[in-house]
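Undergrad:
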Amino acid sequence: MGACCGREKKFEGVVGGEVDDVEDAGDVRVEDGGSRVRLGGNSMYTSMFSQGGRKGINQDAMTVWELLLMGLQSFSSVCELMSSQHDFSGEKGMFFCAVLDGHGPSGHHVAGLIRDILPSRLSSAFKLSLPNSSKCDSDIVHGNHKDDSKDSHENKNFEYPPFPLWKASLIKSFEEMDEELGSNSTFDSFCSGTTAVTVIKQEDHLIIANLGDSRAVLCTRGNRNQLVPVQLTVDLKPNLPSEAERIKNCKGRVFALPDESGVYRLWMPDQNSPGLAMTRAFGDFCLKDYGLISIPDVSYRKLTDKDEFVVLASDGVWDVLSNSEVIRIVASAKKRSMAAQLLVDRAVREWKIKYPGCKTDDCAVICLFLKTPPLSTKSTSKNGRDGVNNHQQLAVSQRSATTRSQQGCESTKANSKEEYSALQGVTRENSLLSLPRFSTVLGRRRSTNQVR
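Mapping of the sequence shown onto my numbering: position 70 corresponds to residue 1195, and the numbering continues sequentially without gaps.
Here you go:
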């Protein structure tokens, strides 16, 4: 167990502990449809916190849309509600959570735009996917809706009839957002972009959509009541064979630099730039012709009584903390409202300990708690005796192993001053290494736009 978790004396609060006296009212607005939109702070079921690194402006963004409605017990109720005036709604306790990690000169603008528009765009796409009649199609209600996607059996979407509709809506809304981003004239997203990891919770159902290398991890209970992390997303990076094959088929290149052994990146065919450390993202249009896509990886999970909470975070957290460490830190918070900040504070500390010569990355965290907290204000949790079973960790995939030496951190000081300052020794694994030669790539962009 890492040093940060070794210091924990006992686990209390979040899994079975204190309830905050009041909700944090900051950064909250109410949409016309009734959804409560959070850009920060906490509620009974969510904790949010973000902190910029030492590279400049914080390029991470996050949002939680929530609407707690009582009495919706069937999918037909969901259909009726979603086809009405509500922007984002569903069965009792519906949440939409998203963490975005921007990169490039305008990465913060890209992440902010996606944060503000994607939820309502997704809601609209889902409404359009519903049957035209006032009542839901009986095949969909009873789980007979056909889904030809290759992962339909793996996701067991027959247990949750709306999953095929949500999946199609997520893919459609992500692609539409990317197109809108490309036509936005207020900032340049040609060499800037953002990841996005999103979770929709509807009663005991989770729909997860991922774009890039941010991550979602579920904390559940093992057979001995120990805390067990379950990785819900795959880190979509160039080292994945299926991703690399698509890139190569589009004439893009995938390779690791000599001083970054094991860190594979996406490069343009005729330039050693930009060196993107992910294979799916919003924006980054300089690479969209060479294998980078904005189609999310969508999956489904049925929740059980053993599941405690979900953590969504940018790679600034996962680069220095394991899945097991993350869930233990969150579970150790005395109050739910403290959980996200506690995790970010611990990640920042680990950056300073593990990589003292490097600039700390931005960190953004959303903790979504799956159970109603008890009313007692004192905790007698036995979690302190619960060990995280590393051998039983149920991860979808392991994060690509990367190493960072002091020489690697210091070598970035020789970078050209003309290049984006956030590219200089930002993190253990920089999202973007260099900007393309604009005289060449912008000419291609103009010609592409003319063709369109």
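From the three backbone atoms N, C-alpha and C, an ideal C-beta is built for every residue, glycine too.
Just reading off the beta strand (DSSP E) that Leu1336 is part of, what are its end residues?
TA: Residues 1330-1336.
Undergrad: Contact check, Ser1172 vs Asp1185 under 8 Å by CB: the rounded distance?
TA: At roughly 15 Å, the Cβ-Cβ gap does not stay under 8 Å, so Ser1172 and Asp1185 are not in contact.
Undergrad: Using the C-alpha atoms, what's the distance from Ser1298 back to Arg1246?
TA: Rounded to the nearest angstrom, the two C-alpha atoms are 6 Å apart.
Undergrad: Taking just the CA atoms, how far does Leu1164 sit from Ala1464?
TA: Ala1464 and Leu1164: Cα-Cα distance of roughly 16 Å.
Undergrad: How about Ile1372: is its Cβ closer than 7 Å to a heavy atom in the ligand PLP?
TA: The ligand PLP is not among the ligands present in this structure, which contains no ligands whatsoever.
Undergrad: How is Tyr1415 classed by DSSP in three states: helix, strand or coil?
TA: Helix at Tyr1415.
Undergrad: Can you tell me which of the three DSSP states Asp1303 falls into?
TA: Here Asp1303 sits in helix by DSSP.
Undergrad: Out of Asp1395, Ile1420, Met1403, Ala1236, which one is the CA nearest neighbour of Leu1365?
TA: Per the Cα distances, Met1403.
Undergrad: What whole-angstrom Cβ distance do Thr1319 and Ile1242 have, given they're in contact under 8 Å?
TA: At roughly 12 Å, the Cβ-Cβ gap does not stay under 8 Å, so Thr1319 and Ile1242 are not in contact.
Undergrad: How would you label Pro1561, buried or exposed, when you count the other beta carbons within 10 angstroms and need 16 or more for buried?
TA: Pro1561 is buried by the Cβ-count criterion.
Undergrad: Spatial neighbours of Asn1432 within its chain, please: C-beta separation below 7 Å, excluding the five flanking residues on both sides.
TA: For the record, residue 1432 in the displayed sequence is Asp; it is not Asn. The answer, listed in chain order, is Leu1343, Thr1345, Leu1495.
Undergrad: Name the two residues that bound the continuous alpha helix (DSSP H) containing Asp1360.
TA: Taken as a continuous stretch (DSSP letters only), Asp1360 belongs to no alpha helix (DSSP H), as it is neither H nor E.
Undergrad: Thinking Ser1462 and Asn1167 are a contact (beta carbons under 8 Å), I'd like their distance in whole angstroms, please.
TA: 4 Å between Cβ atoms; contact.
Undergrad: Exposed or buried, Glu1370, counting other C-beta atoms within 10 Å across all chains shown (16 or more means buried)?
TA: Exposed.
Undergrad: Taking only the alpha-carbon atoms, compute the straight-line gap between Pro1354 and Ser1449 and give it to the nearest angstrom.
TA: Distance between the alpha carbons of Pro1354 and Ser1449 is about 6 Å.
Undergrad: Comparing C-alpha positions only, which one of Gly1408, Leu1412, Glu1385, Ile1418 sits nearest to Asp1395?
TA: Taking only the C-alpha atoms, the option nearest Asp1395 is Leu1412.
Undergrad: For Arg1240, does the three-state DSSP call read helix, strand or coil?
TA: Reduced to three states, the DSSP call for Arg1240 is helix.
Undergrad: Check the C-beta distance from Ile1454 over to Leu1467 and give it rounded, since I have them as a contact under 8 Å.
TA: That belief holds up - the Cβ atoms of Ile1454 and Leu1467 are roughly 6 Å apart, short of 8 Å.
Undergrad: Have a look at Asp1313 and Gly1337 and give me their C-alpha separation to the nearest angstrom.
TA: Roughly 20 Å separates the two Cα atoms.
Undergrad: How long is the line joining the alpha carbons of Asn1374 and Thr1497, rounded to whole angstroms?
TA: Taking the straight line from one Cα to the other gives about 49 Å.
Undergrad: If we ignore side chains and look at the alpha-carbon of each, how far apart do Gly1268 and Ile1332 end up?
TA: Interpretation of Gly1268 is limited by its pLDDT of 40, a score under 50 that renders its predicted location unreliable; the figure taken from the coordinates is listed afterwards. In a straight line, the C-alpha of Gly1268 is about 16 Å away from that of Ile1332.
Undergrad: What are the boundary residues of the beta strand (DSSP E) that Gln1327 is part of?
TA: Per DSSP, Gln1327 belongs to the beta strand (DSSP E) from 1321-1327.
Undergrad: Where are the beta strand (DSSP E) runs, 3 residues long or more, that stay fully inside the segment 1395-1465, in chain order?
TA: With a minimum length of 3 residues, the continuous beta strand (DSSP E) runs that stay inside the segment 1395-1465 are 1399-1401, 1422-1427, 1434-1438.
Undergrad: Around the C-beta of Gly1387, are 16 or more other C-beta atoms found within 10 angstroms, so that it is buried, or is it exposed?
TA: It is exposed - the Cβ of Gly1387 has fewer than 16 other Cβ atoms within 10 Å.
Undergrad: Please report how far the alpha carbon of Val1451 lies from the alpha carbon of Arg1471, in whole angstroms.
TA: Their backbone Cα atoms lie some 9 Å apart in a straight line.
Undergrad: Any Cβ of chain E within less than 8 Å of the Cβ of Phe1251?
TA: In the displayed structure, chain E is absent; only one protein chain is listed.
Undergrad: How long is the line joining the alpha carbons of His1233 and Leu1306, rounded to whole angstroms?
TA: Those two C-alpha atoms are separated by around 13 Å.
Undergrad: Report the residue from Pro1399, Asp1430, Trp1291 whose alpha carbon sits nearest the alpha carbon of Asn1350.
TA: Residue Asp1430 is the option with its Cα nearest to Asn1350.
Undergrad: Do Phe1220 and Tyr1170 count as a contact pair if the criterion is CB distance below 8 Å?
TA: Contact: yes.
Undergrad: Shortest alpha-carbon distance to Arg1340 belongs to which of Gly1347, Asp1422, Lys1477?
TA: Nearest of Gly1347, Asp1422, Lys1477 to Arg1340, Cα basis: Asp1422.
Undergrad: Taking Cβ positions, are Tyr1415 and Gly1377 nearer each other than 8 Å?
TA: Contact: yes.
Undergrad: Under the rule that 16 or more other beta-carbon atoms within 10 Å means buried, what is Lys1538, buried or exposed?
TA: Caution is warranted here: a pLDDT of 38 is assigned to Lys1538, below 50, making its placement in the model unreliable, and no coordinate value can be reported.
Undergrad: Please work out which residues of its chain come closer than 6 Å, Cβ to Cβ, to Ala1250, disregarding the five sequence neighbours upstream and downstream, and give them in chain order.
TA: Counting only Cβ-Cβ distances below 6 Å, and skipping sequence neighbours, we find Ser1294, Lys1297, Ser1298.
Undergrad: Using three-state DSSP, classify Asp1486 as helix, strand or coil.
TA: Here Asp1486 sits in coil by DSSP.
Undergrad: Just the Cα atoms here: how many angstroms apart are Leu1428 and Ser1310?
TA: Computed Cα separation, rounded: 42 Å.
Undergrad: Within a Cβ cutoff of 7 Å, which residues of the same chain sit near Ser1254, ignoring the five residues on either side of it in sequence?
TA: Contacts found: Leu1290, Ala1293, Ser1294.
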